[in-house]
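Engineer:
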Amino acid sequence: MTLKLKLFFIIFCIAHSIFLCEAQEKKKNMVPPQPAAPQEEQIEVDGMLLTKDGKTLIKPKNFWLNTATIPDQVRIIRGGAFRHHVRLQSVEIPDSVEEIGIAAFQNCSKLQMVKLPNGLKKIEDYLFYNCPALSEIVIPDSVEEIGEGAFWHCNNLKQITIPRNVKKIGGKALLGIDEIILDPEQKTFIFDDDGVLIDQKEKILLRVPQHLSGTYEVPDGIKTISGGAFYGCSRLIKVVIPDSVEMIGAEAFNKCRNLREIILPEGLKIIEHQAFAYCQNLQAVDLPDTVEEIHSKAFLGCINLTKLKLSKSLKTVKKKAFDNCKNLQTIIVPQTISYRTLCSWHIPGRKIIRPKD
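Read left to right, the sequence shown gives residues 26 to 382 (our numbering).
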């Protein structure tokens, strides 16, 4: 046998042995196939698919319906039940319905009219998100909570009344609504002298009117700036935030395109997702030493940001926090942050200054 044949035979034997070992290992560790989950039993009533007991609406049978009438026996409308039903124009919901799930009517682009049932306790998160044709909604007195983004991008909804029993309003819930009216018996929410909506019990700044211009000072005592609170306030030049504020919510200052100066307070701990995204005229950010977290895309598209001072307490800078801050020149980095940690955050500065403590 020639040397080449011997080498070939040896390689073949080794490869064959490896293959057999891997095959045996896979067989030993193989998880037996799991039985498929049984299909949910459904019944059809008036063109609606319901659970077997008839109490929960799963979805309409016809995706292309123009109007929908919910059967009287229904107690729950499942989350996403009518989502993306782009031809739906009106819905009749009986007072038997006690719960409507998250995003149940999201992206119903032609939906104009909905009568919410008396007895409903919560308007769930993103319930009517991106329903641009919705022009009128009456919130029943039974409602105690309006969830995050509930009426966001309902561009034709110009006015809404917050009834007396509402105790909580989520971030971005009322974005784009021109006029917010408080029931005379409403005790949780107030407007300040500038027309800013405030949760006076939880100390949350909820919504700033779009026309607010120049300089605005957040009232003392506020603990949280809610998600989307200043969203799209393109006339604001400067905002002063008091030391009582601990968190700036998601998209709080998103698209404040003329915001040049933001004074962040000692006591601030968290800056959430896209909080200052697309603040194109923001030039410098001085993070107080109490800041611990900067979430993803927090300063996305701040194209004129040239100087950034990091916090001594900073522990987390999430993905793309400073994405497209293409003119960021100087980063002041405290000694508490190592170069290795700084590199892992991918902050696009050209010059790093490390002052001695």
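C-beta atoms are modelled at their ideal positions from N, C-alpha and C, and glycine is treated no differently. Predicted, not measured: the structure shown is a model, and the values here were computed from it.
Would you please state the rounded distance, in angstroms, between the beta carbons of Thr213 and Lys226? I believe it to be under 8 Å.
Structural biologist: Numbered from its first residue, the sequence shown carries residue 213 at position 188. Numbered from its first residue, the sequence shown carries residue 226 at position 201. Indeed they touch by this definition, with Cβ atoms about 5 Å apart.
Engineer: State buried or exposed for Ile68, treating a residue as buried only when at least 16 other CB atoms are found within 10 Å of its CB.
Structural biologist: Counted from its first residue, the sequence shown places residue 68 at position 43. It is exposed - the Cβ of Ile68 has fewer than 16 other Cβ atoms within 10 Å.
Engineer: Using the Cβ count rule (16 or more neighbours within 10 Å means buried), how would you classify Pro380?
Structural biologist: As a first step, residue 380 must be located in the sequence shown, where it is residue number 355. So Pro380 ends up on the exposed side.
Engineer: Taking DSSP as the reference, what is the three-state secondary structure of Ser115?
Structural biologist: Stepping through the sequence shown from its first residue, residue 115 is reached at position 90. DSSP places Ser115 in strand when its eight states are reduced to three.
Engineer: With a threshold of 16 other CB atoms inside 10 Å of the CB of Glu291, please say whether the residue is buried or exposed.
Structural biologist: Counting from 1 along the sequence shown, the entry for residue 291 is found at position 266. Flag for Glu291 reads exposed.
Engineer: On a CA-only basis, which of Ile118, Lys344, Met138 and Phe153 is nearest Asn13? Give me that one, please.
Structural biologist: With the chain covering only 26 through 382, there is no way to say anything about residue 13.
Engineer: Could you check where the alpha helix (DSSP H) with Thr315 kicks off and where it finishes?
Structural biologist: What you label residue 315 is simply residue 290 of the sequence shown in a count that begins at 1. Careful: Thr315 lies outside any alpha helix (DSSP H) and carries neither H nor E.
Engineer: So, for Lys263: in the same chain, excluding its five sequence neighbours on each side, which residues have a beta-carbon less than 6 Å away from its beta-carbon?
Structural biologist: In the sequence shown, residue 263 corresponds to position 238, counting from 1. These residues qualify, in order along the chain: Thr240 and Glu286.
Engineer: Grab the span of the beta strand (DSSP E) containing Tyr241 for me, first residue to last.
Structural biologist: As a first step, residue 241 must be located in the sequence shown, where it is residue number 216. Residues Gly239 to Glu242.
Engineer: Is the Cβ-Cβ distance between Ala374 and Leu312 less than 8 Å?
Structural biologist: Your numbering for residue 374 matches position 349 in the sequence shown. Your numbering for residue 312 matches position 287 in the sequence shown. Looking at the sequence itself, residue 374 is Gly, so the reference to Ala does not match. In this structure, Leu312 does not lie closer than 8 Å to Gly374 by Cβ.
Engineer: Take Ile205 as the anchor and find which of Lys192, Val233 and Ile229 has the nearest alpha-carbon.
Structural biologist: Against the sequence shown, residue 205 aligns to sequence position 180. Closest by alpha carbon: Val233.
Engineer: Here's a check: name, in chain order, each residue in its chain whose Cβ is nearer than 8 Å to the Cβ of Val243, leaving out the five neighbours to either side.
Structural biologist: Position 218 of the sequence shown holds residue 243. If we look at Val243 and ignore the five residues flanking it on each side, its Cβ neighbours are Leu230, Ile250, Val264, Val265, Ile266, Pro267 and Val270.
Engineer: Would the beta-carbon of Ile296 fall within 8 Å of that of Glu318?
Structural biologist: In the sequence shown, the residue the question calls residue 296 occupies position 271. In the sequence shown, the residue the question calls residue 318 occupies position 293. Going by C-beta atoms, Ile296 is nearer than 8 Å to Glu318.
Engineer: Determine whether the beta carbon atoms of Glu173 and Ala198 lie at a separation below 8 Å.
Structural biologist: Residue numbering aside, residue 173 sits at position 148 when the sequence shown is read from its first letter. Residue numbering aside, residue 198 sits at position 173 when the sequence shown is read from its first letter. Against a cut-off of 8 Å, the Cβ pair of Ala198 and Glu173 comes out as a contact.
Engineer: Between the C-alpha atoms of Cys179 and Leu367, what's the straight-line distance to the nearest angstrom?
Structural biologist: Start at 1 with the first residue of the sequence shown, and residue 179 comes out as number 154. Start at 1 with the first residue of the sequence shown, and residue 367 comes out as number 342. One C-alpha to the other measures close to 41 Å.
Engineer: Identify whether Thr341 lies in helix, strand or coil by the three-state DSSP scheme.
Structural biologist: The residue you call residue 341 lines up with position 316 of the sequence shown. Three-state DSSP puts Thr341 in a strand.
Engineer: For Val310, which residues in the same chain have their Cβ closer than 6 Å to its Cβ, ignoring the five residues on either side in sequence?
Structural biologist: Taking the sequence shown and counting its residues from 1, the one referred to as residue 310 is at position 285. Cβ neighbours of Val310 beyond the five flanking positions: Leu333.
Engineer: Can you tell me whether DSSP reads Thr76 as helix, strand or coil?
Structural biologist: Translated into positions along the sequence shown, residue 76 becomes position 51. Strand at Thr76.
Engineer: Per DSSP, what kind of secondary structure is Leu367 in: helix, strand or coil?
Structural biologist: Here the question's residue 367 lines up with position 342 in the sequence shown. Residue state, collapsed to three classes: helix.
Engineer: Closest to Lys322 by CA distance: which of Leu335, Ala346 and Thr331 is it?
Structural biologist: For this step, residue 322 is matched to residue 297 along the sequence shown. It is Ala346 whose Cα lies nearest to the Cα of Lys322.
Engineer: Could you say which of Gln114, Ser134, Asn155 and Asp150 lies nearest to Lys140 if we only look at CA atoms?
Structural biologist: For the purposes of this step, residue 140 is identified with residue 115 of the sequence shown, where counting begins at 1. It is Gln114 whose Cα lies nearest to the Cα of Lys140.
Engineer: Apart from the five residues on each side of it in sequence, which residues of its chain come closer than 6 Å, Cβ to Cβ, to Lys52?
Structural biologist: Residue numbering aside, residue 52 sits at position 27 when the sequence shown is read from its first letter. Reliability fails at Lys52, whose pLDDT of 42 lies under 50, so the model's placement of it is uncertain and no value is given.
Engineer: Could you round the C-beta distance between Asn279 and Tyr256 to whole angstroms and report it? I think they count as a contact, below 8 Å.
Structural biologist: For this step, residue 279 is matched to residue 254 along the sequence shown. For this step, residue 256 is matched to residue 231 along the sequence shown. Right, their Cβ atoms sit about 5 Å apart.
Engineer: Using a Cβ-Cβ cut-off of 7 Å (strictly less than) and excluding sequence neighbours within five positions of Leu237, which residues of its own chain qualify?
Structural biologist: Against the sequence shown, residue 237 aligns to sequence position 212. Here the set comprises Asp219, Cys258, Arg260 and Leu261.
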